[in-house]
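*Asks:*
2 protein chains.
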Amino acid sequence: MDLHSIKVACTSCNLRELCLPMGLAPPEMEQLDHLITNRRRVRRGAALFAAGDPFTSLYAVRSGFFKTSVTTADGRDQVTGFQMAGEILGLDGIVQDKHACSAIALEDAEVCVLPFDKLEQLSREFSALQHHVHRIMSREIVRDQGVMLLLGSMRAEERLAAFLLNLVQRLHARGFSKSEMVLRMTREEIGSYLGMKLETVSRTFSRFQEDGIIEVKQRYVRILDPNALNALVNHAHTGGTDRVD
Amino acid sequence: MDLHSIKVACTSCNLRELCLPMGLAPPEMEQLDHLITNRRRVRRGAALFAAGDPFTSLYAVRSGFFKTSVTTADGRDQVTGFQMAGEILGLDGIVQDKHACSAIALEDAEVCVLPFDKLEQLSREFSALQHHVHRIMSREIVRDQGVMLLLGSMRAEERLAAFLLNLVQRLHARGFSKSEMVLRMTREEIGSYLGMKLETVSRTFSRFQEDGIIEVKQRYVRILDPNALNALVNHAHTGGTDRVD
DNA sequence: CGGAACATTGAGAGGGATCAATGGACGTGG
DNA sequence: CCACGTCCATTGATCCCTCTCAATGTTCCG
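In structure tokens:
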């Protein structure tokens, strides 16, 4: 059976509480269903879109896992995020009518295609949808600020701790374990995201394991002491006056 | 005379080509004028808004200079951007109905207040305005990705070079010199933005000066060799094959 | 079974942080 | 107008976290 004929409407989608229709009333959600006529499958390693591609649509991840990355002229690239089910890709393309980053599937994935002109049209009719689109873009801006904080002011241990906590929290919101996960990305991709080299990522994983904070076996990670991870993220390490007041 | 009574409409504002009304047709711009009934002055050192403040409006910088920063529980903070005339502040507040970062004036400033509910209402009527709001948010997302690239994959010299080029380019777009500027922020604020310590910022400035790339005297900076700065930003420094072709 | 991709670990080097002192710029008040 | 304090910038010396280079181990798949 053709994938595109599998009708999974927003109204009946199990991601509706996380995804674009979040908080919308039934009539608005039905309108969204009309907008999403098209689904797209992306194989592991393939690009949903690449930097420079013309922008036409946003994408809602239905299943699978993505990374987004930007590349400089001289070939360096920086992973700017990892996206899982219910998250929206492609917001970077609006301003220039072409994508500023690339989105690569880290495992076989499926996305709902949201033609942006139609989405704008519908947002003009439904103020709840309009506001929701604004919230999604604002959320991305706030997320980016968090990454800047991480990259600009944290040391390697803190970065990796924050990364693991963020990841497991998002997975937990999707019904997965609160303490276990299988990473979909390589050490190098984690390192690129966190602004450190893959060896440093690996070493930091090992140190966490030695300290009994996590259990790591390649891509598998289990958080044994979430408080220790939280402490790493939330406490400054300058001066030694680690007061918790 | 009261500041608020000084009517400077978008239609006659000298920033209209850079600011929110950019590219809008005259009738839409007039509608914007009705929306912006209120101006606000912010003294040097004062906050336009602080993290946690309830979100009501976006702000368009009319004059002056701002920094935005986020703060962690343990008191570390990270400057996430510097904003000058024509740039929009406050997009971070939409998602949670409260601001996620603080905006501090680095010199006496004046902003146009854009009540967000009214802006949403107006964008439902005018699709050009609607799209423009989306472009502004997308632009911020793309800018943030650039900062991540800078923080995640550049060394100190490259960061400062990119910073200076970005700043002078934005100033030039506002009619200032292409090669000279007076920095409105301290070394510490630059350092926070670029993820380095103030001493490193200062040392890097000095090195650039020794190399004849720039001339620095405290806050005054003159770019003597823009190509050298560009080369720093665009060429990888791994392997030692620093060809300048 | 062999190869490719990925992860781990070690040794050594270096870039930026840290600690510390000095020097300018600017504003305020005598 | 100068003295003084404050804030900011510069510069030096030293340390250490992370990078780099390199070798080995593991997993997966043709």
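Just so you know, the protein sequences line up as chains A and B, in that order.
Heads up: take any position in the first sequence, counting from 1, add 186, and you land on my numbering.
Heads up: take any position in the second sequence, counting from 1, add 186, and you land on my numbering.
A virtual CB, placed ideally from N, CA and C, is assigned to each residue, including glycine.
1. Helix or strand or just coil, what does DSSP make of Leu353 of chain B?
2. Check this for me: beta carbons of Val281 of chain B and Arg321 of chain A, under 8 Å apart or not?
3. Taking only runs of the alpha helix (DSSP H) that begin and end inside the stretch 285-320 of chain A, which ones reach a length of at least 4 residues, in chain order?
4. Under 8 Å between C-beta atoms, does Leu353 of chain B make it to chain A?
5. Within 8 Å of any Cβ in chain A, is that where the Cβ of Val247 of chain B sits?
6. Spatial neighbours of Glu214 of chain A within its chain, please: CB distance less than 7 Å, with the 5 preceding and 5 following residues excluded, ordered by chain position.
7. Does the contact criterion of 3 or more C-beta pairs under 8 Å hold for the stretch 282-295 of chain B versus the stretch 344-355 of chain B?
8. Might you give, ordered along the chain, the residues of its own chain that have their beta carbon closer than 7 Å to the beta carbon of Glu375 of chain B, omitting 5 neighbours on each side?
9. Between Ile280 of chain A and chain B, is there a C-beta pair that is closer than 8 Å?
10. So if DSSP puts Thr257 of chain A in a beta bridge, which residue, or which two residues, is it bridged to?
11. Spell out whether any CB of chain B is found under 8 Å from the CB atom of Asn200 of chain A.
12. Which of the three DSSP states is assigned to Gly250 of chain B in this structure?
13. Please classify Pro240 of chain A as buried or exposed, where buried requires at least 16 other C-beta atoms within 10 Å of its C-beta.
14. Any beta-carbon of chain A closer than 8 Å to the one on Ala417 of chain B?
15. Of all the residues that make up the stretch 369-381 of chain A, which are near chain B by a beta-carbon distance shorter than 8 Å?
16. Mapping DSSP to helix, strand and coil, what is Ala233 of chain B?
17. Within 10 angstroms of its Cβ, does Gly238 of chain B collect 16 or more other Cβ (buried), or is it exposed?
18. Provide the residue(s) that pair with Val281 of chain B in DSSP beta bridges, ordered along the chain.
19. Ile400 of chain A by DSSP, collapsed to three states: which one?
20. Tell me whether Arg345 of chain B counts as near the ligand ADP, meaning its Cβ is closer than 7 Å to at least one heavy atom of that ligand.
21. Under 6 Å Cβ to Cβ from Ser191 of chain B, same chain only, skipping five residues before and after it: list those, please.
22. Which residues in chain A sit within 7 Å of Arg310 of chain B, going by Cβ to Cβ distance?
23. Do you know how far the Cα of Gly272 of chain A is from the Cα of Arg202 of chain A?
24. So the candidates are B:Gly398, B:Val328, B:Met270, B:Arg310; which of them puts its Cα closest to the Cα of Val354 of chain B?
25. Would Met382 of chain A pass as a contact of Leu337 of chain B if the rule is Cβ separation under 8 Å?
26. Run through chain A and tell me which residues come within less than 8 Å of Ala259 of chain B, C-beta to C-beta.
27. Put Pro412 of chain A into one of helix, strand or coil per three-state DSSP.
28. Please determine, among A:Gly377, A:Gly267, A:Leu350, the residue with the shortest C-alpha to C-alpha distance to Ala414 of chain A.
29. Given a limit of 7 Å on CB to CB distance, which residues of the stretch 322-342 of chain B reach chain A?
30. Determine the DSSP secondary structure at Pro212 of chain B, reduced to helix, strand or coil.
31. What are the boundary residues of the alpha helix (DSSP H) that Glu374 of chain B is part of?
32. Give a yes or no on whether 8 Å exceeds the smallest Cβ distance from Ala286 of chain A to chain B.
33. Evaluate Ser378 of chain B with the Cβ neighbour count: other Cβ atoms within 10 Å of its Cβ, from every protein chain shown; 16 or more gives buried, anything less gives exposed.
34. Run through chain B and tell me which residues come within less than 8 Å of Glu306 of chain A, C-beta to C-beta.
35. What is the C-beta distance between Arg226 of chain A and Ala291 of chain A, in whole angstroms, given that I count them as a contact (C-beta under 8 Å)?
36. Using 8 Å as the threshold, is the stretch 399-413 of chain B in touch with the stretch 355-371 of chain B, meaning 3 or more CB pairs across them?
*Replies:* The short version:
1. helix
2. yes
3. 302-311
4. no
5. no
6. Phe312, Ala314, Leu315
7. no
8. Lys253, Val265
9. yes
10. A:Asp263
11. no
12. strand
13. exposed
14. no
15. Ser378, Tyr379, Leu380, Gly381
16. strand
17. exposed
18. DSSP output for Val281 of chain B lists no bridge partner at all.
19. strand
20. Inclusion of the ligand ADP in the displayed structure is not the case, the ligand content being empty and no account of it being possible.
21. Only weak support is given to the placement of Ser191 of chain B: the predicted model assigns it a pLDDT of 47, under 50, and the question is left unresolved by the model.
22. Arg310, Ser313, Gln316
23. 8 Å
24. B:Met270
25. no
26. Asn420
27. helix
28. A:Leu350
29. Met323, Ser324, Arg325, Glu326, Ile327, Val328, Asp330, Gln331, Val333, Met334, Leu335, Leu337, Gly338, Ser339
30. helix
31. 373-380
32. yes
33. buried
34. Ser313, Gln316, His317, His320
35. So it is not a contact: roughly 10 Å between Cβ atoms.
36. yes
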